[in-house]
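Trainee: Per UniProt numbering, residue 1 is the first one in the sequence shown, and the count goes up by one each step.
Glycine residues also receive a C-beta, built at the ideal position from the N, C-alpha and C atoms.
Starting off with a structure, shown below.
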Amino acid sequence: MKVMARLCRNVLTVKCLKYMVMTLTVWTTMLIGFYAKSWGITMMSLFEWEQIESQSALPNTKQKCIHPQLLINDSTMTRHLRTLSPEKCPDELEWVYVENGTIRFTKLAVSRFKGMSCSFVPLYRDGDYNVKWGRPILNIQNGFRIPTDFFRVYCSSVSRTFNGLFAGVAHTEERAERKDLPMDKGFGGLGIAILGFDSMSRMSWLRRLKKTREYFLGELGAIELEEHNVLGDGTTAVMFPMLTGKFEWELPDARRFFPNATTLDDFPFIWNDLKKFGYLTSWCNAENITAPFNWRMLGFKNQPTDFYSRPFFMVAKPYQVYVGRSRKLKMKKYCIGSRTYSLVWLNYFKDIFVSYPNKRKFLLHFLVDMSHDDNNLITMMDLDIRDVVKFLYDNNYLNNTLLILMGDHGARYDKARHTWAGKMEERIPYFSLLFPKWFQKKYPEAMANVRKNSKRLTTPFDLYETFRDFIHFTGTGNGDVSRRGISLFKEIPLERSCEQADIAAHWCACLASKKVNLKEDIYASTALSVAMDTINNLTSQYRDICENLSVFQVKDAIKMETRKDVLQFSNTDSVGGIYNITFKAKNQNLMSLYQLTFSTVPGMALYEVTVVHDILRNHFFLSEKEISRINKYGDTSSCILNKNRQLRQYCYCSKQTSSWGINLF
Numbered sequence: 001m002k003v004m005a006r007l008c009r010n011v012l013t014v015k016c017l018k019y020m021v022m023t024l025t026v027w028t029t030m031l032i033g034f035y036a037k038s039w040g041i042t043m044m045s046l047f048e049w050e051q052i053e054s055q056s057a058l059p060n061t062k063q064k065c066i067h068p069q070l071l072i073n074d075s076t077m078t079r080h081l082r083t084l085s086p087e088k089c090p091d092e093l094e095w096v097y098v099e100n101g102t103i104r105f106t107k108l109a110v111s112r113f114k115g116m117s118c119s120f121v122p123l124y125r126d127g128d129y130n131v132k133w134g135r136p137i138l139n140i141q142n143g144f145r146i147p148t149d150f151f152r153v154y155c156s157s158v159s160r161t162f163n164g165l166f167a168g169v170a171h172t173e174e175r176a177e178r179k180d181l182p183m184d185k186g187f188g189g190l191g192i193a194i195l196g197f198d199s200m201s202r203m204s205w206l207r208r209l210k211k212t213r214e215y216f217l218g219e220l221g222a223i224e225l226e227e228h229n230v231l232g233d234g235t236t237a238v239m240f241p242m243l244t245g246k247f248e249w250e251l252p253d254a255r256r257f258f259p260n261a262t263t264l265d266d267f268p269f270i271w272n273d274l275k276k277f278g279y280l281t282s283w284c285n286a287e288n289i290t291a292p293f294n295w296r297m298l299g300f301k302n303q304p305t306d307f308y309s310r311p312f313f314m315v316a317k318p319y320q321v322y323v324g325r326s327r328k329l330k331m332k333k334y335c336i337g338s339r340t341y342s343l344v345w346l347n348y349f350k351d352i353f354v355s356y357p358n359k360r361k362f363l364l365h366f367l368v369d370m371s372h373d374d375n376n377l378i379t380m381m382d383l384d385i386r387d388v389v390k391f392l393y394d395n396n397y398l399n400n401t402l403l404i405l406m407g408d409h410g411a412r413y414d415k416a417r418h419t420w421a422g423k424m425e426e427r428i429p430y431f432s433l434l435f436p437k438w439f440q441k442k443y444p445e446a447m448a449n450v451r452k453n454s455k456r457l458t459t460p461f462d463l464y465e466t467f468r469d470f471i472h473f474t475g476t477g478n479g480d481v482s483r484r485g486i487s488l489f490k491e492i493p494l495e496r497s498c499e500q501a502d503i504a505a506h507w508c509a510c511l512a513s514k515k516v517n518l519k520e521d522i523y524a525s526t527a528l529s530v531a532m533d534t535i536n537n538l539t540s541q542y543r544d545i546c547e548n549l550s551v552f553q554v555k556d557a558i559k560m561e562t563r564k565d566v567l568q569f570s571n572t573d574s575v576g577g578i579y580n581i582t583f584k585a586k587n588q589n590l591m592s593l594y595q596l597t598f599s600t601v602p603g604m605a606l607y608e609v610t611v612v613h614d615i616l617r618n619h620f621f622l623s624e625k626e627i628s629r630i631n632k633y634g635d636t637s638s639c640i641l642n643k644n645r646q647l648r649q650y651c652y653c654s655k656q657t658s659s660w661g662i663n664l665f
């Protein structure tokens, strides 16, 4: 009996210990999950790993690069989906409006306000960071032709006053008299018009801009690039390759606070080449502070294009300021008076066509606010985008123009980005093209290639080469995979790889992957140490203001697999202490890739990195270009902004303040 009692006690003790261990594990997991969630970090679920292993397996096909089959109804993404009603701006009576380059008085204002008198005050650019107001033109009449695109109108009556900020398209002599020159070596003679939206992946567009897409593809027959891949982090990693055919580091240094940095005036933008043939050009970004060419860079000394909206939005867009997590705005966020920012931006695009219908154009209009921080905001614009495209099409303004709707990349900072699907979506932006029907009939071989290429690996470099074909056509044969950019009018070969397209491994969406355990894979553990050392080395010269970071938690670790000749390690060189890694496709040193996602303290930054392991030499390499910060840093890096803005995603300031500041990234 004593033996039996002792045995029972032992069994109960073991069960009790097991229960205690299980309870402790559950509570620990819950606590980590709670704090991780509060810091914007999510754990990858078993379901997501099943997705990775099933969807990222390399298919048995001749096509080397095939993106994973992402799902429009993926629950890890749709749980964040909301459809919002259009923004309602203050119901203020506008006394005037702009129509085809003229100011019109509203009938209601004329009838209601006796003795109505209005003045026009032009707005001028004064460099890229200042504006100046011109001399007022008094007592303007109904039908007054505007001399500048941006202006204020002041009106008064016996009892009331009105003050409005407006954008329109002025009929200027320089614009009107520019002649379209023959493009004997060019192709098609089309204009190019682009509407771009920040942080819009292909899948997010399908979920949130259904009416626009249904009209653009279903009714008009536009073509989507289904295998379009980013080339790097952020908007400039898209803009420079698409507009110049070069990476940022292949161009003159234009970064703020760097010695010998220059403005972007002499950059080889495609709009400069097209302007020589008579094209009217535009770069219209509805952002003042974080504009792609102004936030990290020095901007332009001279106005770069014929239409340039920066002065308007510097005045129109209120600063978005924060106290802790509370946003304090000086006016309703998305409104200019009774009009939404987005509609003012869209109408300016539309008005260029209306004012100059027969001129060839290169128009690039880019919107940040309605999708950068929260993709759901763009659902408020769905009908507006569709209606502007419909207006242009129905009135034959697109008869001589290639219209492009695009995103620059997928969401980079929201909660969905912390999932596997979110990681893939960041790398696969939306891109679609609409060619005039006469062009499609006249050039069937070129259009057949565009349709084939819609299902093959493409990048912004290919768009640059396509734009170049309008100036100097290079034929419709097979594309040369030894060139990183291939015109869409040529057939892109099936065997094209990320390496051949000059896509770094970190950004290549074609690579299969499998989960690894850092305790079991010593190379993965070493890769994590290399990543942490690299990040800290970036801020080492600013250690007096930036904290030394350490790993808090590894969210996930994967080993990326490639086809035998998709990516193989070739060489590295160091620029400014950062490795630039290059690859070859044939018989070079074998390498493996580790992609790690981890949080750091202090500050709870969340990073995603791709570390290269040269197996034969047992060397590890990490380029700064293959480090992604995937949660917001807000004001935590404010101390570095006026010293080296390039390091804002790596610096956690030693002295944290609650001062007001911009919190867009």
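For T244, name the three-state secondary structure that DSSP assigns.
Mentor: On the sequence shown, position 244 is the one that residue 244 refers to. Three-state result, T244: helix.
Trainee: Contact check, F439 vs M406 under 8 Å by CB: the rounded distance?
Mentor: For the purposes of this step, residue 439 is identified with residue 439 of the sequence shown, where counting begins at 1. For the purposes of this step, residue 406 is identified with residue 406 of the sequence shown, where counting begins at 1. In fact, because the Cβ distance is near 19 Å, the residues do not count as touching under 8 Å.
Trainee: From this set, G422, A193, T236, Q69, which residue's C-alpha is nearest P460's C-alpha?
Mentor: On the sequence shown, position 460 is the one that residue 460 refers to. Of G422, A193, T236, Q69, the residue nearest in Cα terms is T236.
Trainee: What runs of the alpha helix (DSSP H), each 4 residues or longer, lie entirely inside the segment 256 to 343?
Mentor: 270 to 275, 310 to 316
Trainee: Three-state secondary structure (DSSP) at L398?
Mentor: Against the sequence shown, residue 398 aligns to sequence position 398. Taken through DSSP and simplified to helix, strand or coil, L398 comes out as coil.
Trainee: With DSSP collapsed to three states, give me the class of R82.
Mentor: Within the sequence shown, numbered from 1, the residue matching residue 82 stands at position 82. Residue state, collapsed to three classes: coil.
Trainee: Does the distance from the C-beta atom of S513 to that of E561 stay below 8 Å?
Mentor: Stepping through the sequence shown from its first residue, residue 513 is reached at position 513. Stepping through the sequence shown from its first residue, residue 561 is reached at position 561. It is a contact, given that the beta carbons lie within the stated cut-off.
Trainee: At a cut-off of 7 Å, is L123 close to the ligand ATP when judged by its beta-carbon and the heavy atoms of the ligand?
Mentor: Absent from the structure shown: the ligand ATP. Ligands present: none.
Trainee: In this structure, what does DSSP give as the bridge partners for E224?
Mentor: As a position in the sequence shown, residue 224 is number 224, starting the count at 1. Answer by DSSP bridge pairing, in chain order: S432.
Trainee: Using 8 Å as the threshold, is the segment 374 to 393 in touch with the segment 335 to 355, meaning 3 or more CB pairs across them?
Mentor: Yes, the segment 374 to 393 touches the segment 335 to 355.
Trainee: Near L377, what residues of its chain come up, given a Cβ to Cβ distance below 7 Å and the 5 sequence neighbours on each side ignored?
Mentor: Position 377 of the sequence shown holds residue 377. Result list for L377: L84, M370, S371, in chain order.
Trainee: Where E214 and K359 are concerned, what is the direct C-alpha to C-alpha distance, given to the nearest angstrom?
Mentor: The residue labelled residue 214 in the question sits at position 214 within the sequence shown. The residue labelled residue 359 in the question sits at position 359 within the sequence shown. Going from the Cα of E214 to the Cα of K359 covers about 29 Å.
Trainee: Less than 8 Å between the CB atoms is what I'm expecting for L528 and L596, so what's the real figure, rounded?
Mentor: In the sequence shown, counting from the first residue as 1, residue 528 sits at position 528. In the sequence shown, counting from the first residue as 1, residue 596 sits at position 596. Rounded, the Cβ-Cβ distance is 6 Å, consistent with contact.
Trainee: Taking the beta strand (DSSP E) that N163 falls in, what are its first and last residues?
Mentor: The residue given as residue 163 occupies position 163 in the sequence shown. Unbroken beta strand (DSSP E) run through N163: 161 to 167.
Trainee: Report yes if the C-beta distance between H80 and I428 is below 8 Å; otherwise report no.
Mentor: Position 80 of the sequence shown, counting from 1, holds the residue named residue 80. Position 428 of the sequence shown, counting from 1, holds the residue named residue 428. Taking 8 Å as the Cβ cut-off, H80 and I428 do not qualify as a contacting pair.
Trainee: To the nearest angstrom, how far is the alpha carbon of E53 from that of V612?
Mentor: Against the sequence shown, residue 53 aligns to sequence position 53. Against the sequence shown, residue 612 aligns to sequence position 612. Confidence in E53 is poor, its pLDDT being 46 and thus under 50, which makes the residue's placement unreliable; the coordinate value appears in the next sentence. Note on geometry: alpha-carbon atoms of E53 and V612 lie some 21 Å from one another.
Trainee: Using the three-state DSSP reduction, which class does I471 fall into: helix, strand or coil?
Mentor: For the purposes of this step, residue 471 is identified with residue 471 of the sequence shown, where counting begins at 1. I471 falls in the coil class under three-state DSSP.
Trainee: Only counting the same chain, and skipping five residues up and downstream in sequence, which positions put a Cβ closer than 6 Å to that of L403?
Mentor: In the sequence shown, counting from the first residue as 1, residue 403 sits at position 403. Cβ within range, chain order: A193, L434.
Trainee: In angstroms with no decimal places, state the Cα-to-Cα distance between Y607 and S599.
Mentor: Here residue 607 is taken as the residue at index 607 of the sequence shown, counted from 1. Here residue 599 is taken as the residue at index 599 of the sequence shown, counted from 1. Cα-Cα distance, rounded: 6 Å.
Trainee: I'd like the span of the beta strand (DSSP E) that includes K88, first residue to last.
Mentor: The sequence position of residue 88 within the sequence shown is 88, counting from 1. Where K88 is concerned, there is no enclosing beta strand (DSSP E), given that its DSSP letter is neither H nor E.
Trainee: Could you tell me which residues DSSP puts in a beta bridge with V601?
Mentor: Locating residue 601 in the sequence shown gives position 601, where the first residue counts as 1. S550.
Trainee: Please work out which residues of its chain come closer than 6 Å, Cβ to Cβ, to R645, disregarding the five sequence neighbours upstream and downstream, and give them in chain order.
Mentor: Here residue 645 refers to the residue found at position 645 when the sequence shown is read from its first residue. Scanning its chain for C-beta atoms nearer than 6 Å, with the 5 sequence neighbours on each side dropped, one finds around R645 the residues R256, R296, in chain order.
Trainee: For residue 668, count the other beta carbons within 10 Å of its own beta carbon; 16 or more makes it buried, fewer makes it exposed. Which is it?
Mentor: Since the displayed the chain opens at 1 and closes at 665, residue 668 lies outside it and no answer follows.
Trainee: Going by alpha carbons, who is nearest to E87 out of E250, M183, F349, I336?
Mentor: To locate residue 87, count along the sequence shown from 1; it is residue 87. Measuring from the Cα of E87, the nearest candidate turns out to be I336.
Trainee: Taking the CB atoms as reference points, tell me whether V554 and L518 lie closer together than 8 Å.
Mentor: Taking the first residue of the sequence shown as 1, we reach residue 554 at position 554. Taking the first residue of the sequence shown as 1, we reach residue 518 at position 518. Yes, the pair counts as a contact, with Cβ atoms nearer than the cut-off.
Trainee: Is DSSP giving C498 helix, strand or coil here?
Mentor: Start at 1 with the first residue of the sequence shown, and residue 498 comes out as number 498. In this structure, C498 counts as coil in the three-state DSSP scheme.
Trainee: Just to confirm the assignment, what range does the alpha helix (DSSP H) spanning F439 have?
Mentor: To locate residue 439, count along the sequence shown from 1; it is residue 439. Unbroken alpha helix (DSSP H) run through F439: 437 to 442.
Trainee: Distance, Cα to Cα, G234 vs A176?
Mentor: Taking the first residue of the sequence shown as 1, we reach residue 234 at position 234. Taking the first residue of the sequence shown as 1, we reach residue 176 at position 176. If you take the alpha carbons of G234 and A176, they lie about 36 Å apart.
Trainee: Pull up the distance between the alpha-carbon of K114 and that of E92, whole angstroms please.
Mentor: In the sequence shown, counting from the first residue as 1, residue 114 sits at position 114. In the sequence shown, counting from the first residue as 1, residue 92 sits at position 92. Their Cα atoms are separated by approximately 18 Å.
Trainee: Check each candidate in F473, V131, S628 and name the one with the smallest Cα separation from T534.
Mentor: The residue labelled residue 534 in the question sits at position 534 within the sequence shown. Answer by Cα proximity: S628.
Trainee: Taking the alpha-carbon of residue 683 as reference, which of L123, K437, N400, D306 has the nearest alpha-carbon?
Mentor: Since the first residue shown for the chain is 1 and the last is 665, residue 683 is missing from the structure and cannot be characterised.
Trainee: Out of D614, S654, H619, state which residue places its alpha-carbon closest to the alpha-carbon of V601.
Mentor: Along the sequence shown, one-based indexing puts residue 601 at 601. Answer by Cα proximity: S654.
Trainee: Determine the contact status of F187 and A167, defining contact as a CB-CB distance below 8 Å.
Mentor: Sequence index remark: in the sequence shown, residue 187 carries index 187 (1-based). Sequence index remark: in the sequence shown, residue 167 carries index 167 (1-based). No, they are not a contact pair.
Trainee: Since L364 and W283 should fall inside the 8 Å C-beta cutoff, what is the C-beta to C-beta distance between them, to a whole number of angstroms?
Mentor: Taking the first residue of the sequence shown as position 1, residue 364 is located at position 364. Taking the first residue of the sequence shown as position 1, residue 283 is located at position 283. Confirmed, about 5 Å.
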